[in-house]
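Novice:
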Amino acid sequence: MRRGRPGALPRGTAGRTLTSVGTAGMAGPAGTDDRTGERAGERAEGAGGGAPSRLWHITLSVSGTEAPLGEVRRALEQLAHDHPFLLTSRYANDHAEIRYWEEARDLHDAAAVALRLWGEHRSTARLPPWEIVGLEVIDRETYHQRVAEGYGPLPATPVGVHPF
Numbered sequence: 002m003r004r005g006r007p008g009a010l011p012r013g014t015a016g017r018t019l020t021s022v023g024t025a026g027m028a029g030p031a032g033t034d035d036r037t038g039e040r041a042g043e044r045a046e047g048a049g050g051g052a053p054s055r056l057w058h059i060t061l062s063v064s065g066t067e068a069p070l071g072e073v074r075r076a077l078e079q080l081a082h083d084h085p086f087l088l089t090s091r092y093a094n095d096h097a098e099i100r101y102w103e104e105a106r107d108l109h110d111a112a113a114v115a116l117r118l119w120g121e122h123r124s125t126a127r128l129p130p131w132e133i134v135g136l137e138v139i140d141r142e143t144y145h146q147r148v149a150e151g152y153g154p155l156p157a158t159p160v161g162v163h164p165f
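The numbering used here puts the first residue of the sequence shown at 2, with every later residue one more than the last.
The following block contains the structure:
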C-alpha cells in the first residue's frame with residue numbers, strides 16, 4: 002500500500018512502499034484485512050507494482066518586460082544552483098528558455114512540475130516577473146530520436162546559462 006500525497010513519487014523512492022505489519026490471517030469488517038485495509042483478493046502495491054517513473058525532457062519558455070541582462074543571468078544561475086539538474090538556460094533581456102530533465106510517472110506529472118518551476122523559484126532565485134509562454138514535454142525516446150534526426154538541440158550545446 003502506498004501512502005502519501007497522490008502524484009509523482011519523490012526522487013529515489015521508485016521502489017519503496019509502506020506496508021502494515023500484523024498477524025497473518027486477521028480479518029476485519031466486511032472481508033477486509035486489518036493489516037492493509039484491502040478486500041480479499043486485493044493486494045498492496047509491491048516494489049515495481051506502481052507506474053514506473055520515466056525521464057521527460059522539458060523546455061520551458063518565459064517572457065515579459067525587459068530586465069537588465071546581468072540580473073537575468075544571475076537569476077538563472079541561481080535557479081540552476083537551486084535546481085541542479087537544469088541542462089541549459091538561454092536568455093535575453095525580455096525572454097528565456099530553460100531545458101532540463103524531469104523524472105515523473107507520466108506526462109501530466111512532468112508538465113505540472115514544469116509549470117510550477119518558475120513561480121516556485123521566483124522569489125528565492127529573484128527571477129524576473131515573467132510569465133510562462135511555452136512548454137514542451139517529450140519522453141526520452143522522442144528526444145533521442147529528434148537529436149538523431151537533426152531536429153533536437155545540438156549535442157554540443159553547452160550546459161549552463163548562456164545568452165541567445
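We treat Cβ as the ideally placed atom computed from N, Cα and C, and that holds for glycine.
Under a Cβ-count criterion, where at least 16 other Cβ atoms within 10 Å of its own Cβ denotes burial, should Ser54 be classed as buried or exposed?
Specialist: Position 53 of the sequence shown, counted from the start, is the residue given in the question as residue 54. In summary, Ser54 is buried, with 16 or more beta-carbon neighbours lying within 10 Å of its beta-carbon over all protein chains present.
Novice: Could you give the DSSP three-state label for Tyr152: helix, strand or coil?
Specialist: For this step, residue 152 is matched to residue 151 along the sequence shown. Three-state result, Tyr152: coil.
Novice: My output table needs one value for Gly42: the three-state DSSP class, helix, strand or coil.
Specialist: The count along the sequence shown starts at 1 and reaches residue 42 at position 41. Reliability of the predicted coordinates at Gly42 is poor, the pLDDT of 38 falling under 50, and the value obtained from them is presented with this limitation in mind. Of the three classes helix, strand and coil, the one that applies to Gly42 here is coil, per DSSP.
Novice: On a CA-only basis, which of Pro69, Leu116, Leu56 and Trp57 is nearest Pro164? Give me that one, please.
Specialist: Along the sequence shown, one-based indexing puts residue 164 at 163. Ranking the options by Cα distance to Pro164, first place goes to Pro69.
Novice: Go through its chain and collect everything with a Cβ distance to Arg129's Cβ below 7 angstroms, but skip five positions before and after it.
Specialist: Position 128 of the sequence shown, counting from 1, holds the residue named residue 129. First, the amino acid is wrong: residue 129 is Pro here, not Arg. Closer than 7 angstroms at Cβ, skipping near neighbours: Gly65, Ala68, Val73 and Ala76.
Novice: When the Cα of Trp131 is compared with those of Asp140, Ile139, Leu80 and Gly120, which residue comes out closest?
Specialist: The sequence position of residue 131 within the sequence shown is 130, counting from 1. When only C-alpha atoms are compared, the closest one is Gly120.
Novice: When you compare only the Cα positions, how much space is there between Leu108 and Val138?
Specialist: Your numbering for residue 108 matches position 107 in the sequence shown. Your numbering for residue 138 matches position 137 in the sequence shown. Cα to Cα, the separation comes out at about 7 angstroms.
Novice: How close, in whole Å, do the beta carbons of Arg127 and Gln79 come, if the pair is a contact with beta carbons under 8 angstroms?
Specialist: For the purposes of this step, residue 127 is identified with residue 126 of the sequence shown, where counting begins at 1. For the purposes of this step, residue 79 is identified with residue 78 of the sequence shown, where counting begins at 1. Contact between Arg127 and Gln79 holds, with the beta-carbon distance rounding to 7 angstroms and staying under 8 angstroms.
Novice: Buried or exposed for Ser90, going by 16 or more other Cβ atoms inside 10 Å?
Specialist: The count along the sequence shown starts at 1 and reaches residue 90 at position 89. By the 10 Å Cβ count, Ser90 comes out buried.
Novice: Which of the three DSSP states is assigned to Ala105 in this structure?
Specialist: Reading the sequence shown from its first residue, position 104 is the one you call residue 105. Of the three classes helix, strand and coil, the one that applies to Ala105 here is strand, per DSSP.
Novice: Should Ala149 be labelled buried (16 or more other beta-carbon atoms within 10 Å of its own) or exposed?
Specialist: In the sequence shown, counting from the first residue as 1, residue 149 sits at position 148. Exposed.
Novice: Does the beta-carbon distance from Trp102 to Leu61 come in below 8 angstroms?
Specialist: Taking the sequence shown and counting its residues from 1, the one referred to as residue 102 is at position 101. Taking the sequence shown and counting its residues from 1, the one referred to as residue 61 is at position 60. In this structure, Trp102 lies away from Leu61, with their beta-carbon atoms at least 8 angstroms apart.
Novice: So who's on the other strand from His58, going by DSSP bridges?
Specialist: Working through the sequence shown from its first residue, we reach residue 58 at position 57. When beta bridges are read from the DSSP output, His58 appears opposite Trp102 and Ile139.
Novice: For Ile99, collect the residues of the same chain with a Cβ closer than 7 angstroms to its Cβ; drop the 5 residues on either side in sequence, then sort them by chain order.
Specialist: Residue 99 sits at position 98 when you count from the first residue of the sequence shown. Contacts found: Leu61, Leu87 and Ser90.
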